[in-house]
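The block underneath contains the structure these notes are about, expressed in structure tokens.
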Ligand code: C5P
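Residue numbers (my numbering): 448 to 749.
Written out as structure tokens, the structure is:
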């Protein structure tokens, strides 16, 4: 058994996020079309004689909780409990996915820690068991394990893998502060008060656009029901969206619950152009380009 295991896990963008009414358990039924994109966190797990601890480095590291509320810590504890062992590991997160950004950064660390502990401890949990633990950890965590493209139903945790016919090129603008996912869903509920909220369903034109690998058709079909709520809590994002559209992006939308904004480009060259314009627009903190789909959580060679 090697002394440490590192797992690389991608961020996600939601190309469709259809949100239903609040359920009795407080969650919302979703039709959530996830696309994994090439921005990554790496989780390294090493045996630790002093018990479970979490460290983190990267530009947003100071915003990452290092206690037991971190999804990586909870993943290690959950797997250890199932296999009757103590979670005596040091989890180090090399963080490149924005924190509280709507790109599943916390979920990525949960899925990464789970896969890394499974490999380090030799527990050899089945894929199904790992997916069960992921679903307990959070609605987006199963997708971080699986990657590629998938339709999430239920609260987003029940996944159906989707075919994708080519790479899609994205630009992501990171905002100066984060948004809390529960707060955005609460704002969704407030804005929807007194209206009839339809059942969330996946858009067939969107699934067809993904299957064809057609960026123009995908741009015409993307949607995010959480966007009005995110913009209501963070109105300055409207300027970021306008700056990216003005720079030639095929479409612009808030990623998940935000506040990261996502811009679809026709090819890598136009993605670079959009990124350059956004960088000098003064409407965001940082800008990155990334393509997807990419695979989910992957153990890196030792
Ligand atoms: O599942 P997760 O812990 O990531 O969800 C965070 C919060 O987001 C939930 O507590 C809930 O407020 C909201 N949420 C929701 N409906 C979903 C997923 C998340 O209301 N389908």
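C-beta: ideal position from N, C-alpha, C; glycine also.
- Taking the Cα of residue 457 as reference, the smallest distance to any Cα among 504, 543, 466, 669 is reached at 543.
- Distance from the C-beta of residue 586 to the nearest heavy atom of the ligand C5P is below 8 angstroms.
- With 16 or more other CB atoms across the displayed protein chains lying within 10 angstroms of its CB, residue 718 is buried.
- The ligand C5P approaches residue 477 closely enough that one of its heavy atoms is under 8 angstroms from the residue's Cβ.
- Contact between the segment 726–745 and the segment 483–491 is present: three or more C-beta pairs spanning the two stretches fall below 8 angstroms.
- At the C-beta level, residue 476 and residue 466 come within 9 angstroms of one another.
- Distances between the C-beta of residue 629 and the heavy atoms of the ligand C5P include at least one below 8 angstroms.
- As summarised for the segment 582–668, the continuous alpha helix (DSSP H) elements at least 4 residues long and confined to that stretch are 588–593, 628–639, 651–659, 662–668, given in chain order.
- The alpha-carbon of residue 663 is positioned some 7 angstroms away from that of residue 697.
- In the three-state scheme derived from DSSP, where H, G and I count as helix and E and B as strand, residue 699 is classed as strand.
- Sequence-distant Cβ neighbours of residue 614 in its own chain, meaning closer than 8 angstroms and more than five residues away, are 660, 738, 739, 740.
- Look at residue 473: its beta carbon is less than 8 angstroms from one of the heavy atoms in the ligand C5P.
- In this structure, the C-beta of residue 525 stays at least 8 angstroms away from each heavy atom of the ligand C5P.
- From the listed residues 733, 530, 534, the smallest Cα separation to residue 524 is found for 534.
- When DSSP reads this structure, residue 735 sits in a beta bridge with 619.
- Residue burial is scored here from C-beta neighbours: residue 651 has fewer than 16 other C-beta atoms within 10 angstroms and is therefore classed as exposed.
- Taking each of 452, 469, 453, 450 in turn and checking the Cα distance to residue 635, the smallest one comes out for 469.
- The three-state reading of DSSP puts residue 705 in coil, since its state is none of H, G, I, E or B.
- Rounded to the nearest angstrom, the gap between the Cα atoms of residue 539 and residue 644 is 42 angstroms.
- Separation of the CB atoms of residue 492 and residue 536 is rounded to 5 angstroms, and the pair is thereby assigned contact status at 8 angstroms.
- Secondary structure note for residue 714: it is in no beta strand (DSSP E), with a DSSP letter that is neither H nor E.
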